[in-house]
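With my numbering, the residue at position 131 of the sequence shown is 179, and numbering never jumps. Glycine is no exception: its CB is placed at the ideal position from the N, C-alpha and C atoms. The model shown is predicted, which means the values in this text are computed figures rather than measured ones.
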Amino acid sequence: TIWVLILPTLEGWKAESISNPIRIELLVVGIRVSRGKIQDYHVFWFQQKPSKSPAFILKHGNDGNIDRSSSFDARFVPIRDADTNAYVLQIQKVQTEDSATYFCLAEGNYFQIPFVPAREPQANFLHSPESSDVHAICVVEDFYPGLLEIKWSAAGKDITEGVTSGSVILNGDGTYTTSSILNVSRNFFNSVTPIQCSVSHESSGAKIERKWPTEREGAVV
(Lines of atoms letter the chains of each structure in order from A and count residues from 1; the text may use other names and numbers.)
(Lines give C-alpha, C1' and ligand atoms only; values in the text may rest on other atoms or scores of the structure.)
Protein backbone atom coordinates (compact mmCIF):
# COMPACT_ATOMS: atom_id res chain seq x y z
CA THR A 1 0.00 0.00 0.00
CA ILE A 2 1.53 3.29 -1.11
CA TRP A 3 0.59 6.72 0.15
CA VAL A 4 2.04 9.99 -1.03
CA LEU A 5 2.02 12.89 1.41
CA ILE A 6 2.38 16.25 -0.30
CA LEU A 7 3.37 19.01 2.10
CA PRO A 8 3.23 22.75 1.37
CA THR A 9 6.42 23.70 -0.45
CA LEU A 10 5.31 26.34 -2.94
CA GLU A 11 4.60 30.01 -2.41
CA GLY A 12 0.86 30.53 -2.09
CA TRP A 13 0.24 27.12 -0.57
CA LYS A 14 -0.77 28.77 2.69
CA ALA A 15 -3.77 31.11 2.54
CA GLU A 16 -2.74 34.42 4.05
CA SER A 17 -5.00 36.52 6.27
CA ILE A 18 -7.66 38.26 4.22
CA SER A 19 -8.20 41.90 5.15
CA ASN A 20 -10.83 42.71 2.51
CA PRO A 21 -12.52 39.48 1.36
CA ILE A 22 -15.12 41.31 -0.74
CA ARG A 23 -12.46 42.11 -3.34
CA ILE A 24 -11.18 38.52 -3.55
CA GLU A 25 -13.36 36.30 -5.73
CA LEU A 26 -11.03 33.33 -6.22
CA LEU A 27 -8.12 31.83 -4.27
CA VAL A 28 -6.05 29.01 -5.75
CA VAL A 29 -3.76 26.66 -3.82
CA GLY A 30 -1.94 23.74 -5.37
CA ILE A 31 1.11 21.56 -5.73
CA ARG A 32 2.88 20.04 -8.71
CA VAL A 33 3.63 16.30 -8.71
CA SER A 34 7.13 15.32 -9.78
CA ARG A 35 6.51 11.57 -10.10
CA GLY A 36 3.61 9.63 -11.57
CA LYS A 37 0.45 10.90 -13.26
CA ILE A 38 -2.16 12.81 -11.31
CA GLN A 39 -4.93 10.87 -13.07
CA ASP A 40 -3.81 7.70 -11.25
CA TYR A 41 -4.41 9.00 -7.72
CA HIS A 42 -7.27 9.75 -5.38
CA VAL A 43 -6.75 13.14 -3.74
CA PHE A 44 -7.71 14.28 -0.24
CA TRP A 45 -7.71 17.95 0.78
CA PHE A 46 -7.41 19.10 4.40
CA GLN A 47 -7.66 22.56 5.99
CA GLN A 48 -5.75 23.44 9.16
CA LYS A 49 -6.40 26.62 11.12
CA PRO A 50 -3.99 27.88 13.82
CA SER A 51 -4.02 25.71 16.97
CA LYS A 52 -6.54 23.33 15.34
CA SER A 53 -6.27 19.81 13.97
CA PRO A 54 -6.49 19.36 10.18
CA ALA A 55 -10.09 19.13 8.97
CA PHE A 56 -11.12 16.96 6.01
CA ILE A 57 -12.47 19.04 3.10
CA LEU A 58 -13.09 16.55 0.32
CA LYS A 59 -11.92 13.52 -1.63
CA HIS A 60 -11.43 13.84 -5.40
CA GLY A 61 -11.49 10.30 -6.81
CA ASN A 62 -9.47 9.31 -9.86
CA ASP A 63 -12.83 8.61 -11.53
CA GLY A 64 -13.75 12.28 -11.11
CA ASN A 65 -16.23 11.79 -8.27
CA ILE A 66 -16.09 14.32 -5.42
CA ASP A 67 -17.02 13.24 -1.88
CA ARG A 68 -17.29 16.36 0.25
CA SER A 69 -17.40 16.88 4.01
CA SER A 70 -20.65 18.45 5.20
CA SER A 71 -18.55 21.18 6.85
CA PHE A 72 -17.37 22.55 3.48
CA ASP A 73 -19.61 23.79 0.70
CA ALA A 74 -19.30 23.84 -3.09
CA ARG A 75 -17.06 26.93 -2.98
CA PHE A 76 -14.15 24.48 -2.59
CA VAL A 77 -13.49 23.03 -6.05
CA PRO A 78 -10.78 20.40 -6.71
CA ILE A 79 -9.09 20.40 -10.12
CA ARG A 80 -6.53 18.15 -11.81
CA ASP A 81 -4.30 20.11 -14.17
CA ALA A 82 -2.95 17.48 -16.56
CA ASP A 83 -0.85 20.03 -18.47
CA THR A 84 1.26 20.84 -15.41
CA ASN A 85 0.66 17.52 -13.57
CA ALA A 86 -0.61 19.43 -10.56
CA TYR A 87 -3.42 19.23 -8.02
CA VAL A 88 -5.33 22.47 -7.53
CA LEU A 89 -7.95 23.56 -5.01
CA GLN A 90 -10.00 26.60 -5.98
CA ILE A 91 -11.76 28.52 -3.23
CA GLN A 92 -14.51 30.66 -4.72
CA LYS A 93 -16.06 33.76 -3.13
CA VAL A 94 -13.30 33.82 -0.54
CA GLN A 95 -14.27 34.52 3.07
CA THR A 96 -12.14 35.62 6.00
CA GLU A 97 -12.53 32.24 7.71
CA ASP A 98 -10.89 30.55 4.69
CA SER A 99 -7.50 31.80 5.89
CA ALA A 100 -5.63 28.60 6.81
CA THR A 101 -2.95 26.12 5.80
CA TYR A 102 -4.08 23.58 3.20
CA PHE A 103 -2.72 20.05 2.84
CA CYS A 104 -3.01 17.75 -0.16
CA LEU A 105 -2.81 13.98 0.41
CA ALA A 106 -2.77 11.67 -2.62
CA GLU A 107 -2.86 7.89 -2.70
CA GLY A 108 -2.93 5.21 -5.34
CA ASN A 109 -3.56 1.92 -3.55
CA TYR A 110 -5.67 1.99 -0.44
CA PHE A 111 -7.43 0.18 2.39
CA GLN A 112 -10.71 -1.43 1.24
CA ILE A 113 -13.32 -3.58 2.98
CA PRO A 114 -15.17 -5.79 2.34
CA PHE A 115 -15.06 -5.84 -1.47
CA VAL A 116 -11.41 -6.92 -1.56
CA PRO A 117 -9.24 -8.55 1.13
CA ALA A 118 -8.70 -6.07 3.95
CA ARG A 119 -5.56 -3.97 3.67
CA GLU A 120 -3.90 -2.07 6.48
CA PRO A 121 -5.04 1.52 7.07
CA GLN A 122 -2.56 4.33 6.71
CA ALA A 123 -1.58 6.73 9.51
CA ASN A 124 -0.07 9.86 7.98
CA PHE A 125 1.47 12.59 10.11
CA LEU A 126 0.84 16.23 9.18
CA HIS A 127 2.16 19.27 10.99
CA SER A 128 2.36 22.95 10.18
CA PRO A 129 5.61 24.93 10.49
CA GLU A 130 3.99 27.14 13.15
CA SER A 131 2.88 24.29 15.38
CA SER A 132 4.73 22.22 17.95
CA ASP A 133 2.07 19.52 17.67
CA VAL A 134 2.03 16.40 15.52
CA HIS A 135 -1.23 15.45 13.80
CA ALA A 136 -1.68 11.76 13.00
CA ILE A 137 -4.36 11.10 10.40
CA CYS A 138 -5.76 7.60 9.93
CA VAL A 139 -7.90 7.44 6.77
CA VAL A 140 -10.10 4.41 6.04
CA GLU A 141 -12.12 4.22 2.85
CA ASP A 142 -14.38 2.10 0.64
CA PHE A 143 -15.90 0.05 3.46
CA TYR A 144 -19.50 -1.18 3.76
CA PRO A 145 -21.68 -0.96 5.78
CA GLY A 146 -20.65 2.38 7.21
CA LEU A 147 -19.94 1.34 10.80
CA LEU A 148 -16.44 0.77 12.13
CA GLU A 149 -14.27 1.68 15.10
CA ILE A 150 -10.94 3.52 15.04
CA LYS A 151 -8.79 3.59 18.18
CA TRP A 152 -5.43 5.17 18.98
CA SER A 153 -2.92 3.76 21.46
CA ALA A 154 0.70 4.05 22.56
CA ALA A 155 2.78 1.75 24.74
CA GLY A 156 -0.24 -0.52 25.17
CA LYS A 157 -2.51 2.24 26.52
CA ASP A 158 -5.51 3.73 24.73
CA ILE A 159 -5.31 7.40 23.78
CA THR A 160 -8.61 9.26 24.06
CA GLU A 161 -7.53 12.89 24.49
CA GLY A 162 -6.76 14.90 21.38
CA VAL A 163 -8.78 12.59 19.13
CA THR A 164 -11.13 14.07 16.52
CA SER A 165 -13.40 11.67 14.64
CA GLY A 166 -14.15 12.63 11.05
CA SER A 167 -17.55 12.39 9.41
CA VAL A 168 -18.54 9.16 7.68
CA ILE A 169 -18.72 10.15 4.01
CA LEU A 170 -20.91 8.25 1.54
CA ASN A 171 -18.98 7.60 -1.68
CA GLY A 172 -20.56 7.61 -5.11
CA ASP A 173 -20.45 3.80 -5.35
CA GLY A 174 -22.31 3.26 -2.07
CA THR A 175 -19.24 2.61 0.08
CA TYR A 176 -17.97 4.84 2.87
CA THR A 177 -14.89 6.84 3.84
CA THR A 178 -13.96 8.14 7.28
CA SER A 179 -10.94 9.36 9.21
CA SER A 180 -9.63 9.93 12.71
CA ILE A 181 -7.16 12.65 13.70
CA LEU A 182 -4.88 12.42 16.73
CA ASN A 183 -3.27 15.61 18.02
CA VAL A 184 -0.25 15.08 20.31
CA SER A 185 2.70 17.20 21.32
CA ARG A 186 5.95 16.62 19.48
CA ASN A 187 7.64 15.74 22.80
CA PHE A 188 5.04 13.04 23.48
CA PHE A 189 5.37 11.66 19.97
CA ASN A 190 9.15 11.44 20.16
CA SER A 191 9.11 9.85 23.63
CA VAL A 192 6.52 7.14 22.95
CA THR A 193 7.13 4.90 19.94
CA PRO A 194 5.14 3.75 18.15
CA ILE A 195 1.70 5.34 18.06
CA GLN A 196 -0.86 2.84 16.79
CA CYS A 197 -4.08 3.21 14.81
CA SER A 198 -6.43 0.21 15.16
CA VAL A 199 -9.42 -0.32 12.87
CA SER A 200 -12.24 -2.78 13.60
CA HIS A 201 -15.00 -3.45 11.04
CA GLU A 202 -17.45 -5.92 12.57
CA SER A 203 -19.45 -6.67 9.41
CA SER A 204 -16.45 -7.92 7.46
CA GLY A 205 -14.50 -9.18 10.47
CA ALA A 206 -11.54 -6.99 9.53
CA LYS A 207 -9.25 -5.93 12.37
CA ILE A 208 -6.19 -4.01 11.27
CA GLU A 209 -3.41 -2.32 13.21
CA ARG A 210 -1.04 0.30 11.83
CA LYS A 211 1.98 1.42 13.86
CA TRP A 212 3.88 4.58 12.99
CA PRO A 213 6.68 5.38 12.86
CA THR A 214 8.41 2.07 12.32
CA GLU A 215 11.90 1.50 13.74
CA ARG A 216 13.29 2.05 10.27
CA GLU A 217 11.46 5.37 9.86
CA GLY A 218 12.32 6.73 13.29
CA ALA A 219 10.73 9.68 15.03
CA VAL A 220 9.65 13.01 13.60
CA VAL A 221 12.13 15.77 14.42
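Residue range of the beta strand (DSSP E) that includes residue i
| i | result |
| --- | --- |
| I243 | 243-249 |
| A254 | 254-260 |
| S233 | 224-233 |
| D129 | 124-129 |
For residue i, the residue or residues it bridges with in DSSP
| i | result |
| --- | --- |
| G78 | V136 |
Buried versus exposed call for residue i [16 or more other C-beta atoms within 10 Å across all chains shown]
| i | result |
| --- | --- |
| G78 | buried |
| T223 | buried |
| P98 | exposed |
| S227 | buried |
| A203 | exposed |
| S117 | buried |
| A184 | buried |
| G220 | exposed |
| D121 | exposed |
| S101 | buried |
is_contact[residue i, chain C] using C-beta, thresh 8 angstroms
| i | result |
| --- | --- |
| N113 | Here there is only one protein chain, and chain C is not present. |
If you scan the region 174-219 from start to end, which runs of the alpha helix (DSSP H) of 4 or more residues do you find wholly inside it? Runs found: none.
Kindly provide the ranges of any beta strand (DSSP E) runs that are 3 or more residues long and lie completely inside the region 92-121, ordered along the chain. 103-108, 114-116, all fully within the region 92-121.
Decide if the region 130-137 is in contact with the region 190-197; the criterion is three or more beta carbon pairs, one per stretch, under 8 angstroms apart. No: fewer than three Cβ pairs fall under 8 angstroms.
Evaluate contact between the region 243-252 and the region 194-201, counting only Cβ atoms and requiring at least three cross-stretch pairs below 8 angstroms. At 8 angstroms Cβ cutoff, the stretches touch.
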